[in-house]
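A.B. asks: Quick note on numbering that gives the first Met the number 0: the sequence shown kicks off at 0 and runs consecutively.
All residues carry an ideal CB built from backbone N, CA and C; glycine is no exception.
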Amino acid sequence: MDSNSRYGLSSKDALSILVNECRRSLEEHQNVNSGRLHVNDVANKFVHHYKLNYLYYILGLALLFSIGSVDLENEISFLLLGFSAILLTCVLGIYVLQTHEKKKEKQFMLTRIENLINYLQRCSGTLQYSTCIEPIMDDTWGQQCLRDGNIVNVPKMLLVENDVVLLRPGQMVPCKCQCEDGIILDSGMKYDPQVDWDPEHGIATPVKPIKAKLLETIVMDHIETCLSITSQPNILERQIHSVMNLMEKIGFLGYTLIVVGAVTVRYLYGNSQSFFGTRYIFSIMSLILLPFTCPMTPFILYIIRKWNNYVVSQSLGEESWDYNLKDYLVIFGNLTGVSVIDKKGVLSPINPSLDKVVVFRETSANSSIIIPDVLDLSSELVNDKWRLYFDSQLWLEKKEHLYPLALNLSLNSCQNLIKYHHFLDHLSCVAKDVPRTIVTTSKRCMCQFPELLGFTEQSIKQFFDIEPQWIGLYKRQPGEDPVPGLIKHRTPLEMAFCTIHTDLRSIHSHVNCQGTAGIVLDACTHVWDGKKLTPISDRLVRVVKDMYQRNSMTGYSLVLSYRATTCIIDESLKGKFVEVPINETPSVEPIASVPRSHSFDELLRDEFFAHRKLKTSSEVVDNVFSDHVLNGMIFMQYEALPNIVPFVESLENNCVRFVYFSKENELRSRIFAEKIGLEAGWNCHISLADEEEEDCRTRKDVYLASVGRNRDKWDDPVFRKRILRRIYASKSEIALSFLDCDMRISPSRQRSHTTPDKVGPMPNKAQLPTGVSAVRPHLEDVDNVPLLVGLFTDCTPIVTSEMINIMQEYGETVLLIGSALNTSNIDAFGQSDISISVTPLIDFNCHLVRPVLSNGSRYACDIAADIMALATDFHLNHDQISNLTDVIVGCRHRLESIRASLRFYLYCHLQLSMLLFLSTILFLPLMFTTQQVFLTTFIHLPVLFLGTVWTPFNPKHSVIKIASKTSSNLDRQQIISGIATFGVQFLPTTLFLIFLYFFALVRNSTMLCSFSDAVCSFGEEALLHLSTHEIRHLLGFYMVLFTGITSASWVYPMSSFWHQVPFISMPWMLSVLVCLLTQVIFSYLSGVYIHRVLSIYTLAIIILWTPVMMALNEIQKYRHIRDFNRVQRRTKLAFDTKLGMNSPY
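1) Taking residue 334 and residue 812 to be in contact with their CB atoms under 8 Å, please state how far apart those CB atoms are, rounded to whole angstroms.
2) In three-state terms, what does DSSP make of residue 386?
3) Note down, one range per segment and in chain order, each beta strand (DSSP E) of at least 3 residues found wholly within the stretch 611-698.
4) Is residue 628 near residue 562, with beta carbons less than 8 Å apart?
5) Of the residues 495, 878, 949 and 302, which one's Cα is nearest the Cα of residue 625?
6) Pick helix, strand or coil for residue 1132, following the three-state DSSP scheme.
7) How far does the alpha helix (DSSP H) with residue 890 in it extend, from its first residue to its last?
8) Is it true that the stretch 1037-1050 meets the stretch 930-950, where meeting means three or more beta-carbon pairs spaced less than 8 Å apart?
9) Based on the DSSP secondary-structure assignment, which residues constitute the bridge partners of residue 1047?
10) Apart from the five residues just before and just after residue 404, which ones in its own chain have a Cβ nearer than 8 Å to its Cβ?
11) Taking residue 149 as part of the beta strand (DSSP E), name the residues at either end of that continuous run.
12) Measuring CB to CB, does residue 665 end up less than 8 Å from residue 769?
13) Pick helix, strand or coil for residue 511, following the three-state DSSP scheme.
14) Could one say the Cβ of residue 776 lies closer than 8 Å to chain B's Cβ atoms, at least one of them?
15) Mind checking residue 491: buried by the 16 CB within 10 Å criterion, or exposed?
16) Return the first residue and the last residue of the alpha helix (DSSP H) that residue 424 is part of.
17) Are there three or more Cβ pairs, one per stretch, closer than 8 Å when the stretch 217-225 is compared with the stretch 154-167?
18) Taking C-alpha atoms, which residue in 307, 881, 317 and 340 lies nearest to residue 325?
19) In three-state terms, what does DSSP make of residue 860?
20) Could you tell me whether the Cβ atoms of residue 934 and residue 992 are closer together than 8 Å?
21) Indicate the three-state DSSP secondary structure (helix, strand or coil) for residue 523 in the structure shown.
22) Could you check where the beta strand (DSSP E) with residue 164 kicks off and where it finishes?
23) Among 298, 114 and 108, which has the Cα closest to the Cα of residue 92?
24) I need the DSSP call for residue 494, collapsed to helix, strand or coil.
25) Go to residue 195, then tell me how far its beta strand (DSSP E) extends in each direction, as first and last residue.
26) In angstroms, rounded to a whole number, what distance separates the CA positions of residue 990 and residue 889?
27) Helix, strand or coil, according to DSSP, for residue 780 in the structure here?
28) Below 8 Å, how does it come out for the stretch 667-685 and the stretch 636-651: are there three or more Cβ pairs, yes or no?
29) Does the distance from the CB of residue 906 to the CB of residue 985 come in under 8 Å?
30) Please report the straight-line C-alpha distance between residue 533 and residue 360, rounded to a whole angstrom.
31) Which term fits residue 223, buried or exposed, when burial requires 16 or more other beta carbons within 10 angstroms of its beta carbon?
32) Which same chain residues end up closer than 6 Å to residue 591 when comparing Cβ atoms and leaving out the 5 residues on each side of it in sequence?
33) Please state whether DSSP places residue 14 in a helix, a strand or coil.
34) I need the straight-line Cα distance from residue 581 to residue 429, nearest angstrom please.
35) Determine the extent of the alpha helix (DSSP H) in which residue 225 is found, giving its start and end residues.
36) By the three-class DSSP mapping on this structure, what secondary structure does residue 533 have?
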């Protein structure tokens, strides 16, 4: 190591290295991916559904217009050439738009990274780090590091090359590093040193952290992962893709052949005076087929997507909205599940809250039977601070019982939390050799409890005049046998943490002990019942152990005890730990009776006043860890944050499944899942961990595993005899150990293994799979229950990503919410359809101490959260999560409006194409001119589409109760429904316009007219004096007016006309007025005066046909709403069906 290993990097230098590494990763990516876009890559990328075939088809239509613009005498029609140029411009515009989108997609993440680098460069002030030491867990977000000469907790995302970190025992290495001894550890490896333990004296030297220099920067891998994230098509894009495929395979080919055949027949029967008898026939084919292509669709979808993302970002409170990768409105509108992968700081506070306090009392005044008394507590968040209070006022009668507990928690509290975590680090190395055990961080901040009982700093000041001593004890007791149904159940390793405070006002010191039930109860001889000390009974010991076992399986438990002593720990034992032999308990003589008085001489001769130093582990056990008084127990649970339960309820009410991926075992996960309102009983949760083989190591194997350096002495009879005496209780057991090395289970342990059903997990193996590898076979062969459960337990980042992938394969749209400080969430964020990183609510080391941010400094956690947000779509504060429900409801409403408008847009184009086609096959003059077709296709219909889409984002009534699953296939029922809608709402108007066209031609033509374009324009003896040109403009006005009236039923597609009147929608009203106004202007520019063409007869036609058309529209809409509601009720019934309703329990 170099010279900076002593002081580490400064925050300024570390930030500079971080910026340089980010910039280097960005430049390397740009150098590798600097190639030009391929034409196929561009054309296939635009919203995932337009292909080169579509562009080639439009180019073919432009070519037909060009051919038709030149007649037989080689005279050129510049008007047709202009229209051909418009089509070429449209194709070019689509290609340019696709190229722009592709480049924006490639530059999108690069732009975000560049903005982040600029932000980091502006962070020139000092960074404020957390100084607390977290217990080593899988979701630990910080790493102890040397910064500015101090040991601080640096977020892992801010670690850079040449940083000097402290690797704690049992900790996963954050990235590749080199230790002080030159050993190189790769990312994911565990620093797992050997425990140096003296088996003869029972003293263990603590395993200390080691310094290591990082050889790489974590943010580089993060940036590479973010740059590799690609967007996947959403449900709307899949559906449009299916429609385009259907139109390409059936419509384009089949309809083109039919149109060519019809135009060819007209050409054979045509003459030189008719358009059908010239080369203009090529333009006619192109004119009929042009509306079928809906050429403006890519442009209006681009506009809609940009507007959608703006609306969603504003609803979520995001400032930046220029998103180009995804259509977030479509994803939110089709959301079927919200998944959360982090609990601490997202669903609950960082630390567990005090849930229960257990004290002891006599059953009656004349009875000597001691029973436990449980007092419940609750916590609530008030002004960003958690307030603790008792649920019942009966606690005021228990103050005498609670004072010893409060004093214990005051003296053995947050002041010793760093030492306690070092003790846990040592135990993590011990537990790996003890089968079925785990190190549990049960000791958390409980400073509020003494404050609740009136304790202040002045109350305990006398105990800190002399520096307190502390000692950690543990026992290599193998864990309980596996509980049926639990995959990763582990018993907390037996341990105790004791503090020794010297009181100058008295002649003795105070030992306050906190630990697990087994080892603490072995040291207890009496119990405090609120008035006096009572000898502890075997019955009470069994009851306390049973309560501890029940609560430690579902939460965190501590047993508290006390004793007074005049002994002090020798300097040789300071900072070391004591390993208590497995079968060794403090020797306590049976107490027949308690003497009521003592003589002064007896007190002077008592060992209590023998001031001496303790130098061996046996002396420590006999003088510090024996003759304890049992004070009580405390139980802690993680509480749900106040806004989480209403949020889960609102999601359930809107049929969005809330899924919690828990890293804990089934029991603890079920308890917390029920607190946030999830169904977590029988048949309602799945463990994603594969089943493990049972650890069958014997007690001798366990003991020898801890003294690996003395294995070579096992053949020595003297050494073996001494060791076995510490393992087994008698010589007979030593003899039996050579024959049968299996550990015996005492009757008390057998009773403890008999766990009630309400404590053990629900045996759901027969119904649900175990392990993520068994989920797919279950979905294929059994049922879909794994997609319906709301709780997955024993999760790791790998299995979480795999389970999200399985959900997506079966049509689920998944929103993932996770902590912005947990670096293991990156892969899961990239796998989900949409991801949100949340800045966790950070609890500091002590509830009563809050650090203040100095001027000009920034929290390191905030910068790390901003870097982590690169992998997510949104980065929100915790308070903004509650807005998601309103966003989902609004997006569903808008998405259904977009779908309806797209159907209306497609039907209108089909109607226009059909009008032209019918006028051709009926041997009528072409119904509309080229100018009219282009005006309707490129202006009128896109404007009406936008008018029907832009309805209010937040609906008055939530009509859509549940979103459909992602499916790209058009089933037969959907095709039939689409044909029926067109047949009812558009086909009658189409036939009516054809009839009007025929009737107008007949009434305004001479006997010499053969219905050709050339002759009918000279019909001067008709009654109304309308030429074919004027009739076309009149029919064009009819078509625009009727299309606008028809669009009224598509403004609110899920509400009847009398429930939501479309005339109050200003965007729709403006779009209809724009279409009518442009049509009138077009007629006037063409020399047709609409006010002269319109007559009493034409107005009567409009008045008579409008109610008929509106009635047909409402009938079809009513039928569609009825079918939709029926499907919604059926789907919601399936959603609301409880998985555990048939539980045998």
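C.D. replies: A quick look at the data gives this:
1) 5 Å
2) strand
3) 627-636, 656-660 and 684-686
4) yes
5) 495
6) helix
7) 883-920
8) yes
9) In DSSP, residue 1047 forms no bridge with anything.
10) 356, 358, 448, 559, 630, 631 and 633
11) 149-154
12) no
13) strand
14) The displayed structure is made up of one protein chain only, and chain B is not part of it.
15) buried
16) 416-430
17) yes
18) 307
19) helix
20) no
21) strand
22) 163-166
23) 298
24) strand
25) 195-197
26) 38 Å
27) helix
28) yes
29) yes
30) 10 Å
31) exposed
32) Confidence in residue 591 is poor, its pLDDT being 47 and thus under 50, which makes the residue's placement too unreliable to answer from.
33) helix
34) 14 Å
35) 217-226
36) strand
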